[in-house]
Amino acid sequence: MIEFHLDGRSGVSPYQQIVQQVRNALRLGLLREGDQLPTVKDVVAQLAINPNTVLKAYRELEHEGLVSARPGRGTFVTRTLTDHSLAAHGPLRHDLQRWLTKARKAGLDDESIEALFMTTFRTAAQEDIA
Amino acid sequence: MTAALQAQGLGKKYGRRWALTDCTLDVPAGRVVGLVGPNGAGKSTLLNLAVGMLTPTTGSIEVLGSPAGSSQLARIGFVAQDTPTYARLSIADHLKLGASLNPAWDKTLATDRIESLGLNPKQRAGRLSGGQRAQLALTLGIAKRPELLILDEPVAALDPLARREFLQDLMEAVAEHELSVVLSSHLVSDVERSCDYLVVLVDSRVQIAGDIDTLLATHYRLVGPRRDEKSLPHNQHVIAASHTDRQSTVLIRTDEPILDPAWTVTQLTLEDVVLAYMGRSSPSKQNDRPVLEVQR
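Structure (structure tokens):
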């Protein structure tokens, strides 16, 4: 079982935050196949958020084939996200660390690095859409 | 689906002063609706009309598909502003009163809730803290098992912890009993968490109403070199615009992607959206707004 938390300043809507937290837990192996997600009632009682928000998040996860709802029993994980991507984390992190060292040597401070990453990331994402 | 609230040209006059004029609004059932707006916008008047505590001067209001009034009382729970209780009655007396006044009273729910809140049934309501009194009022509202629960600024006077606990319990009740809820609040952060539908009321007028996720996904801030906001594409509705000699900042609502590369586009928070709509009607009003007493 995992516990959700909400970041009010992230600018990401509550339902997307829940979806992301489940995906992250699946990626990191915190949630495995057969594990149960917290019930809607438990989530709303803990976070003081709207039940429809939780339902919407769970529906999206179901649509992605990651979980399935069993009426009267709860929502259960049906697939993990660890298999292929977790193995790639190591080398990617290594590349990123090398890139960060290069950026620091070039005189970029933390803020410039973050800005450069985010603009590149956004441009790449927009190119994917277009 | 029937609407939770539906108002047509609704107006209410106190003596010679109009508290609400020509209000038309449609609030869907099965949602948790946040009603926000500046003081004096008519929120409390609207909610009091909905529960039948007031009768309209003009127009009509329907609740759950039938005209508001005494015949609807059993289907609606109401927690009024400042969560009033009878100071000299004990908690147990309040529950007894609730049981004899409400045909569908859920006694187990009421006593369980008081117990889980750690309250002593013998205690007088007048000696409860603000948070405890609000919880008692919520208990009475939920235990009558209404289809629609209306709350008028329930958490305004509570400290952050009591506020969170109140909203947690309210949301739990919504999940458990499939209540429709309409609550008015000044605290947009609370509305963003606990509501899924937003109504912004300014000067009796609904400025915007809609699904909160949709509102967040369709409002943007555009920042770019100075240009006239009238030159924007037709599918981009301008909510607010401000200009310096070089730069323009425009808040828009649109269902389409924004293609113009000259703009830096950012998403808005719910607070930005609310403030933009609240500010929209004020320029014309600002001139005839009475001067504050202290400034005179």
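Protein chains in written order, with the numbering used here: chain A, 1 to 130; chain B, 1001 to 1296. Here a beta-carbon is modelled for each residue, glycine too, at the ideal position from N, C-alpha and C. Here the structure is a predicted model, which means the values were calculated and not measured.
List the whole-angstrom C-beta distance separating residue i from residue j, where the pair is believed to meet the contact cut-off of C-beta under 8 Å.
| i | j | result |
| --- | --- | --- |
| B/Val1174 | B/Val1181 | 6 Å |
| B/Ala1143 | B/Gly1098 | 6 Å |
| B/Ala1050 | B/Thr1083 | Not a contact, Cβ separation roughly 18 Å. |
| A/Ala69 | A/Thr75 | 5 Å |
| B/Val1206 | B/Glu1271 | Going by Cβ atoms, the distance from B/Val1206 to B/Glu1271 rounds to 19 Å, so no, they are not a contact pair. |
| B/Ala1162 | B/Gly1126 | About 17 Å separates the two Cβ atoms, so there is no contact after all. |
Who are the near neighbours of residue i in its chain, counting only those whose CB is closer than 8 Å to its CB and skipping five residues on each side?
| i | result |
| --- | --- |
| B/Arg1289 | Note that B/Arg1289 scores 42 on pLDDT, short of 50, meaning its location in the model is unreliable and no value can be drawn from it. |
| B/Asn1287 | Low per-residue confidence applies at B/Asn1287: pLDDT is 41, beneath 50, and the placement is therefore not dependable, though the value from the model is reported in the following sentence. Contacts found: none. |
| A/Glu60 | Tyr15 and Val19 |
| B/Gln1295 | Since pLDDT at B/Gln1295 reaches only 38, below the 50 mark, its modelled position is unreliable, and the value read off the structure follows with that caveat. There are no such residues. |
With residue i as the anchor, note down where its beta strand (DSSP E) starts and where it stops.
| i | result |
| --- | --- |
| B/Leu1148 | Leu1148 to Asp1152 |
| B/Tyr1220 | His1219 to Pro1225 |
| A/Val77 | Gly74 to Val77 |
| A/Ser68 | Val67 to Arg70 |
| B/Thr1269 | Run containing B/Thr1269: none; DSSP gives neither H nor E here. |
Give the residues of chain B in contact with residue i, contact being defined as C-beta atoms less than 9 Å apart.
| i | result |
| --- | --- |
| A/Ala57 | Residues of chain B passing the Cβ test: none, with the nearest at roughly 11 Å. |
| A/Ala45 | Gln1168, Asp1169, Met1171, Glu1172 and Ala1175 |
| A/Asn24 | Residues of chain B passing the Cβ test: none, with the nearest at roughly 21 Å. |
Mind listing the chain A neighbours of residue i? Cutoff is C-beta to C-beta under 7 Å, in chain order.
| i | result |
| --- | --- |
| B/Asp1213 | Ser13 and Tyr15 |
Might you give, ordered along the chain, the residues of its own chain that have their beta carbon closer than 7 Å to the beta carbon of residue i, omitting 5 neighbours on each side?
| i | result |
| --- | --- |
| B/Ala1104 | Ala1074, Lys1144 and Arg1145 |
| B/Leu1128 | Leu1136 |
| A/Ala25 | Ile2 and Leu31 |
| B/Val1265 | Tyr1220, Leu1222 and Ile1258 |
| B/Val1291 | Only weak support is given to the placement of B/Val1291: the predicted model assigns it a pLDDT of 39, under 50, and the value that follows is read from those uncertain coordinates. Result list for B/Val1291: empty, nothing under 7 Å. |
Have a look at the DSSP bridge pairing and note the partners of residue i.
| i | result |
| --- | --- |
| B/Phe1078 | B/Ile1150 |
| B/Asn1058 | In the sequence as displayed, the identity of residue 1058 of chain B is Thr instead of Asn. In the DSSP output, where bridge partners are listed per residue, B/Thr1058 has B/Gly1011. |
| B/Cys1023 | B/Leu1010 |
| B/Leu1251 | B/Arg1221 and B/Ala1240 |
| B/Leu1035 | B/Ser1184 and B/Val1199 |
| B/Val1063 | B/Leu1005 and B/Ser1066 |
| B/Trp1018 | B/Lys1013 |
Could you check if residue i belongs to the surroundings of the ligand GTP, using beta carbon to heavy atom distance under 7 Å?
| i | result |
| --- | --- |
| B/Leu1275 | Looking at this structure, you won't find the ligand GTP or any other ligand, since it has none at all. |
Short of 6 Å in beta carbon distance, which residues of its chain neighbour residue i, apart from the five on each side in sequence? Order them along the chain.
| i | result |
| --- | --- |
| B/Thr1045 | Lys1012, Ala1019 and Leu1020 |
| B/Leu1047 | Ile1150 and Asp1152 |
| B/Ala1209 | Val1199 |
| B/Gly1141 | Gly1077, Val1079 and Leu1149 |
State the start and end residues of the unbroken alpha helix (DSSP H) segment that holds residue i.
| i | result |
| --- | --- |
| B/Ile1114 | Lys1107 to Ser1116 |
| B/Arg1205 | Element bounds for B/Arg1205: not the alpha helix (DSSP H) but the beta strand (DSSP E), Arg1205 to Asp1211. |
| B/Thr1085 | Per DSSP, B/Thr1085 belongs to no alpha helix (DSSP H) and is neither H nor E. |
| B/Thr1139 | Gly1130 to Ala1143 |
| B/Thr1045 | Lys1043 to Val1051 |
Using a cut-off of 8 Å between C-beta atoms, extract the partners of residue i located in chain B.
| i | result |
| --- | --- |
| A/Ile49 | Met1171, Arg1193 and Ser1194 |
Whose Cβ in chain B lies nearer than 7 Å to the Cβ of residue i?
| i | result |
| --- | --- |
| A/Lys41 | Glu1172, Ala1175 and Glu1176 |
| A/Gly8 | Ser1189 |
Give the residues of chain A in contact with residue i, contact being defined as C-beta atoms less than 8 Å apart.
| i | result |
| --- | --- |
| B/Gln1267 | Gly11 |
Using a Cβ cut-off of 9 Å, pull out every chain A residue sitting near residue i, in sequence order please.
| i | result |
| --- | --- |
| B/Arg1113 | Ordered by position in chain A, no residue passes the 9 Å Cβ test against B/Arg1113, which lies about 13 Å from the chain. |
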